[in-house]
Structures are given as structure tokens and as C-alpha cells.
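Novice: Quick mapping for you: the protein sequence lines, in order, are chains A and B.
The first sequence begins at 0 in numbering that gives the first Met the number 0 and counts up by one.
The second sequence begins at 0 in numbering that gives the first Met the number 0 and counts up by one.
The C-beta atom is built at its ideal place from N, Cα and C for all residues, glycine as well.
Protein chains: 2
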Amino acid sequence: MTARVYVSMKPSVLDAQGQAIHSALKSLGHKTIQDVRQGKFFDLQLAATDKAAAAAEIEQISHDILSNPVIEDYKVELMD
Amino acid sequence: MTARVYVSMKPSVLDAQGQAIHSALKSLGHKTIQDVRQGKFFDLQLAATDKAAAAAEIEQISHDILSNPVIEDYKVELMD
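(1) Any beta carbon from chain B within less than 8 Å of A/K39's own beta carbon?
(2) Starting from the C-beta of A/K39, find all residues in its chain whose C-beta is less than 6 Å away, skip the five residues before and the five after it, and write them out in chain order.
(3) Can the beta-carbon of A/M0 be found less than 8 Å from the beta-carbon of A/L65?
(4) Examine chain B for any beta-carbon lying closer than 8 Å to the beta-carbon of A/A121, and answer yes or no.
(5) Alpha carbon to alpha carbon, what distance is there between A/A46 and B/Q135?
(6) Per DSSP, which residues does B/K39 bridge with? Please list them.
(7) Do you know offhand how far B/L43's Cα is from B/V4's?
(8) Who are the Cβ neighbours of A/K9 in its own chain at under 8 Å, not counting the five residues just before and after it?
(9) Taking C-beta pairs closer than 8 Å, name the residues in chain B that A/V35 reaches, listed in chain order.
(10) Starting from the beta carbon of A/A47, find every residue of chain B whose beta carbon is closer than 8 Å, and list them in chain order.
(11) Leaving out the 5 sequence neighbours to the left and right, which residues in its chain are closer than 6 Å to A/F41 when beta-carbon positions are compared?
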């Protein structure tokens, strides 16, 4: 089983890296770009066969380890 | 128009950060996790209305600026 976890800054938190990329793109002539936000994703390979148990474990890992819930949001996507 | 660009290490390249997370998860008792790979994503907001032109611009930005094609793969997803 594979899970993908997306972690990104909460909309209310300044995304400094995204803003740096945005201003770099503007200075390189890409004027159509209006906003850039950056995030991370994690592809986890699981040996679990029980989808509900796997979902619960990934949820816990995402909350406790992969993200900082104070400033970041996460989204879990379970594949097959 | 919104585009999401995924950037990750090529499968042949060592993903040191993913391996570090994997061993941390194992030492924390998450034995079902078999592999972890980490990547980045970028959400770009575009003013463009022509989908083909936007796709070409995002493709160029992804190749030239957001990724290092020597060691990284990228994937573009155009939304609405």
C-alpha cells in the first residue's frame, strides 16, 4: 500500500520560500505568475493490508512527525 | 488558473532525507513503513487564460527553475 502525505504552510502563515520563488520568477520575466506557494510531500510504502489501520497509522505519523500542526496543514492520500 | 508542479529525486538518486525519515519512523515503532521518499510541490497561480500557453510556460519554469533535471524529475498538473 502507498500513501502520499502533502504538508504545506497554513494559508495564514508567511511562505517565505514561495515568495522568494515568486519574485525570482517575476525578475526572470514570468509576469503571468501571480502567486507561488511551496510544500512538501512524502510517499510512504506500507506493508499493511488493513486499509483502516494503515489510514490511522499514516494519520498519526502525519500529525506527529511529518508536519508541525502549529504552522502547517497536511493532507493524506491513500493509494491502492 | 492554478498549476501544481511536483519535484522529486529520480528513482536512481539517493533520497537522503527520505531515508532519514524512514529510519526515524522505524525507531519510533512504525515497523509497517517499508520506504519513504520525499519531494516538493509548488502551487502556481497564473493570470493566463490560454491553457496551451500556460502549460508551455509552466513546463519551462519547471525545467529551468523549479527542478534540477540532472537529479530530479518533475510532473506538472494544470487545474481549472
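Specialist: Reading off the structure:
(1) The count along the first sequence starts at 1 and reaches residue 39 of chain A at position 40. It does: the Cβ of A/K39 has a partner Cβ on chain B nearer than 8 Å.
(2) Locating residue 39 of chain A in the first sequence gives position 40, counting from the first residue. Contacts found: V6.
(3) In the first sequence, the residue the question calls residue 0 of chain A occupies position 1. In the first sequence, the residue the question calls residue 65 of chain A occupies position 66. No, these two residues do not count as a Cβ contact at 8 Å.
(4) One cannot answer for residue 121 of chain A here, as it falls past the ends of chain A, which runs 0 to 79.
(5) Residue coverage of chain B in this structure runs from 0 to 79, which leaves residue 135 of chain B outside it and unanswerable.
(6) What you label residue 39 of chain B is simply residue 40 of the second sequence in a count that begins at 1. Bridge partners of B/K39: A/K39, B/V6.
(7) The sequence position of residue 43 of chain B within the second sequence is 44, counting from 1. The sequence position of residue 4 of chain B within the second sequence is 5, counting from 1. B/L43 and B/V4: Cα-Cα distance of roughly 8 Å.
(8) The residue labelled residue 9 of chain A in the question sits at position 10 within the first sequence. If we look at A/K9 and ignore the five residues flanking it on each side, its Cβ neighbours are I70, E71, D72.
(9) As a working mapping, residue 35 of chain A is identified with position 36 in the first sequence. Residues of chain B passing the Cβ test: F41, D42, L43, Q44.
(10) If you number the first sequence from 1, residue 47 of chain A lands on position 48. Near A/A47 (Cβ distances below 8 Å), the residues of chain B are T31.
(11) Along the first sequence, one-based indexing puts residue 41 of chain A at 42. Cβ within range, chain order: V4, L65.
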